[in-house]
Every structure is written in C-alpha cells, then in structure tokens.
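**Student:** Attaching a single structure in structure tokens format; questions to follow.
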Amino acid sequence: MKHLLTLIAAAAMTALHAQHQPDEDQADPHHHRHPVRVALLLGHGMVPEVPGDGVFFVPSWGLDVDYHLTDNWSLGWHSDVEIENYMVTLPDGEEVELEMPLITTLDVFYRLNHNLLVGIGGGLTLENTEWKPLMRVAVEGEVPMNDRWEWTPTLFLDQRLDGRQVWTFAVGVAHYLLF
C-alpha cells in the first residue's frame, strides 16, 4: 500500500510538472502596462569652460517624459534648466554670462538590461534669448520602488555645437502613468 501511494504521488507530480510551460518572452511587462513615464530630477552640471581655475558645478532641475515603444526602445522629451547664472569662455576667447540656460532634447533610448538604458538625441539650448543646437548622450538607470514608481539616476553629456559641453549627473523620481 505504501509503494502504491508513493507511485501515485510521483505520477501526480510528474503530471503537474508536465503542465508547466516556461515563458518564451522574457520581456518586462512593466513597460507594456504603463508606457508613459514622467520624471522630476535634481542634478548638478559640470561646466569646464568657466574663467579661472578648475570647473564650475551648476545646479539644475529636469523634467523628463518618456514613451516606451517596446520593452527595449523608448522616446524621451527631456528638459532641464540650470538654475544659476554663470560666466563661460567661448571658443573665440570671449566671456559671456549665461542666465539660467534652458535645455530641451528629443532622445532615443535603448535598454541594455532591466535597469540600464543608453540614449542619444538632439535638441536646443536657450542661452540669453538665443536658441543654439546641441547633441546629448545619456546613461540612465531605473531602480523600481514599486509597480509605478522608480528612482532614476542619470548621467548625460550635452555637447553644444559651438564646442562647449556640460556633463550633468541627476537623480530623480519617476512615475508611470496609466493610459
């Protein structure tokens, strides 16, 4: 009788295991449920073209709106404002005071793994009532807090086409919207 019960239990376990179908798609369903993400960031930009010795760190606020096209690809509209006036030396040697520059870019991001994205894009910076073109290269992290909130550390380089550049590190909180 004991052997019969053992045999029945083993057969039942085998039948239950046979019903299990492994997931073919390892995609993260998080972005399929909530494709739109809005993030508010606080950062500091390193400006190497300041007069004098060393570099200058300028505080900034950022607002990002991202749309996940697939689990690996997303589009982002990223805007930042550097919240301090500062002097820069232009490539021709002229010194100019920048008054709270505003930067806005349209970026394409590719997800390397669940928590790390790389992106590239183009945009404009508003410096003293003049719009100037720039290119952005970014590395962005996503550290989930729960299903719809996450921390988002970001490192990006804004390369102005006039030769100046700003490296910015920012940390923000992001929320996935229901649409």
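Per this note's numbering, residue 1 is the first one in the sequence shown, and the count goes up by one each step.
By construction, the Cβ of each residue, glycine as well, lies at the ideal position given by its N, Cα and C atoms.
Small disclaimer: the values here were computed from a predicted structure and weren't measured.
#1: Measuring only the C-alpha atoms, how far is residue 55 from residue 42?
#2: Where do the N-terminal and C-terminal ends of the beta strand (DSSP E) with residue 133 fall, by residue?
#3: Give the C-beta separation of residue 118 and residue 139 to the nearest angstrom, bearing in mind that I take them to be a contact with Cβ-Cβ under 8 Å.
#4: Am I right that residue 99 and residue 85 are in contact with their C-beta atoms under 8 Å? What's the rounded C-beta distance?
#5: Pull up the distance between the alpha-carbon of residue 107 and that of residue 148, whole angstroms please.
#6: Determine the extent of the beta strand (DSSP E) in which residue 52 is found, giving its start and end residues.
#7: Compare the Cα-Cα distances from residue 44 to each of 178, 109, 158, 174 and report the closest residue.
#8: For the beta strand (DSSP E) containing residue 168, list its first residue and its last residue.
#9: From the DSSP output, in three-state form, read off residue 89 for me.
#10: Compute the Euclidean distance between the alpha carbons of residue 111 and residue 35, then round it to the nearest angstrom.
#11: Examine the Cβ distances between the region 48-65 and the region 75-95 and report whether three or more of them are shorter than 8 Å.
#12: Just tell me which of 168, 69, 161 has its CA closest to the CA of residue 123.
#13: Kindly list the residues whose CB is nearer than 7 Å to the CB of residue 47, restricted to its own chain and excluding five residues on each side of it in sequence; keep chain order.
#14: Please name the residue, chosen from 136, 103, 141, that lies closest to residue 126 on a Cα-to-Cα basis.
#15: Leaving out five residues before and five after residue 91 in sequence, what residues of the same chain have Cβ atoms less than 8 Å from its Cβ?
#16: Got a sec? Which residues, its chain only, sit under 7 Å from residue 178 by beta carbon, not counting five neighbours each side?
#17: Does the Cβ of residue 152 have 16 or more other Cβ atoms within 10 Å, making it buried, or fewer, making it exposed?
**Tutor:** According to the structure shown:
#1: As a working mapping, residue 55 is identified with position 55 in the sequence shown. As a working mapping, residue 42 is identified with position 42 in the sequence shown. Distance between the alpha carbons of residue 55 and residue 42: 19 Å.
#2: As a working mapping, residue 133 is identified with position 133 in the sequence shown. Note, residue 133: beta strand (DSSP E), 130-141.
#3: Sequence index remark: in the sequence shown, residue 118 carries index 118 (1-based). Sequence index remark: in the sequence shown, residue 139 carries index 139 (1-based). About 6 Å separates the two Cβ atoms, so the contact holds.
#4: Your numbering for residue 99 matches position 99 in the sequence shown. Your numbering for residue 85 matches position 85 in the sequence shown. The Cβ separation is near 5 Å, so the contact holds.
#5: Here residue 107 corresponds to residue number 107 of the sequence shown, with the count starting at 1. Here residue 148 corresponds to residue number 148 of the sequence shown, with the count starting at 1. Spanning the two alpha carbons is a distance of roughly 22 Å.
#6: Residue 52 sits at position 52 when you count from the first residue of the sequence shown. Neither: residue 52 is in no beta strand (DSSP E) and is coded neither H nor E.
#7: What you label residue 44 is simply residue 44 of the sequence shown in a count that begins at 1. The option with the nearest alpha carbon to residue 44 is 158.
#8: The count along the sequence shown starts at 1 and reaches residue 168 at position 168. Unbroken beta strand (DSSP E) run through residue 168: 165-177.
#9: Taking the sequence shown and counting its residues from 1, one reaches residue 89 at position 89. It is a strand residue.
#10: Taking the first residue of the sequence shown as position 1, residue 111 is located at position 111. Taking the first residue of the sequence shown as position 1, residue 35 is located at position 35. Cα to Cα, residue 111 sits roughly 14 Å from residue 35.
#11: yes
#12: Taking the sequence shown and counting its residues from 1, the one referred to as residue 123 is at position 123. Answer by Cα proximity: 161.
#13: One-based indexing of the sequence shown puts residue 47 at position 47. Here the set comprises 55, 56, 58, 86, 88, 166.
#14: Residue 126 sits at position 126 when you count from the first residue of the sequence shown. Taking only the C-alpha atoms, the option nearest residue 126 is 103.
#15: Position 91 of the sequence shown, counting from 1, holds the residue named residue 91. Same-chain partners within the cutoff: 162, 163, 164.
#16: For the purposes of this step, residue 178 is taken as residue 178 along the sequence shown, with counting starting at 1. Cβ neighbours of residue 178 beyond the five flanking positions: 34.
#17: Taking the sequence shown and counting its residues from 1, one reaches residue 152 at position 152. Buried is the call here.
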